[in-house]
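Residue numbers (the numbering used here): 45 to 321.
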Amino acid sequence: MTDQYAVIGNPIGHTKSPLIHGLFAQETQQDMSYTAIEGPVEPQDAFAGTVRAFVAGGGKGMNVTAPFKLKAFAIADERSERAALAGAANALSFKDGRIVAENFDGVGLVRDIEVNLSLPMAGKRVLVLGAGGAVRGALLPFIAARPGELVIANRDVSKVKALVAQVAAGSPLVACGYGELETMGRFDLVVNATSASLTGELPPVPPSVFSPSGVAYELAYGKRLTPFLRLARNAGVAGVADGVGMLVEQAAEAFAWWRGVRPQTHAVIDRLTVPLD
């Protein structure tokens, strides 16, 4: 019997996940199907019912996208350390009647940066803009990459400080407001994890944070040259990238978690990449 997997979100019509996992299954010769489910936003318990109906129908695992990552975390019987720190799950596995929650967003992001963009983060100065769920999910993988300094900037500094306080002492984490960035010098990697690019806006970051030899990374994908990436380009940064590689790499991590084999990602990334210019 063909194993069933799905991605759940709302809206879900734009998702690339069925294409990605279909290509992974073809490459690794896995007998599985992968569909998209538009989950119900209301009533509050409808999401859990939809997941349980999928499991009852033979579902083995799910990817979870907006706006259900918090709800996916809440209904789980077991949660990974990454998911626990994020307070959110982007992947679920259904085993022996139990729901297991994981969060592969950060792992996918780090792998895209270090492997696909050839920027090992060890010893580097890293700046992350924003302190939302994407940042929470990326925190442990970022720390594991051993940057020399990891600065998280946000409008609400108290939110960043609360996040930093959850991480073990001795980590290279620094919390700051956007206004402090003017005096902090250049960073080897600047990641925009704010929602600004979704609305065509620019996060309040000074051009002085960019290093011409560094990388500017936009979590959003398919938006071409966003205001953030344009700012980086104008500051002389040649290495600019959007989040399509992260999307594919986190999908590969989930696929490997479910199926026990990690697919190749380069061909899939190339297929989905939209030229930034």
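Where is the CB? At the ideal position from N, CA and C, for every residue including glycine.
All values reported here derive from a predicted model rather than from experimental measurement.
Supposed contact pair residue j and residue i - C-beta distance, whole angstroms, cut 8 Å
| i | j | result |
| --- | --- | --- |
| residue 187 | residue 261 | Actually they are not in contact, since the Cβ atoms of residue 187 and residue 261 sit about 17 Å apart, beyond 8 Å. |
| residue 230 | residue 255 | 4 Å |
| residue 221 | residue 201 | 5 Å |
| residue 52 | residue 108 | 6 Å |
Residue i CB to nearest heavy atom of the ligand FMN below 7 Å
| i | result |
| --- | --- |
| residue 225 | Within the structure as shown, the ligand FMN is missing, as the structure has no ligands at all. |
Contact under 8 Å by Cβ, residue i with residue j
| i | j | result |
| --- | --- | --- |
| residue 113 | residue 133 | yes |
| residue 122 | residue 301 | no |
| residue 253 | residue 233 | no |
| residue 320 | residue 273 | yes |
| residue 63 | residue 105 | no |
| residue 189 | residue 151 | no |
| residue 50 | residue 117 | no |
| residue 56 | residue 80 | yes |
| residue 295 | residue 61 | yes |
Residue burial classification, residue i (beta-carbon count within 10 angstroms, cutoff 16)
| i | result |
| --- | --- |
| residue 171 | buried |
| residue 210 | exposed |
| residue 303 | buried |
| residue 243 | exposed |
| residue 139 | exposed |
| residue 306 | exposed |
| residue 185 | buried |
Three-state class that DSSP yields for residue i in the structure shown
| i | result |
| --- | --- |
| residue 272 | helix |
| residue 222 | helix |
| residue 294 | helix |
| residue 243 | helix |
| residue 149 | helix |
| residue 90 | helix |
ask   = Given 8 Å as the limit, is there contact between the stretch 227 to 245 and the stretch 173 to 184, that is, 3 or more CB pairs closer than that?
value = yes
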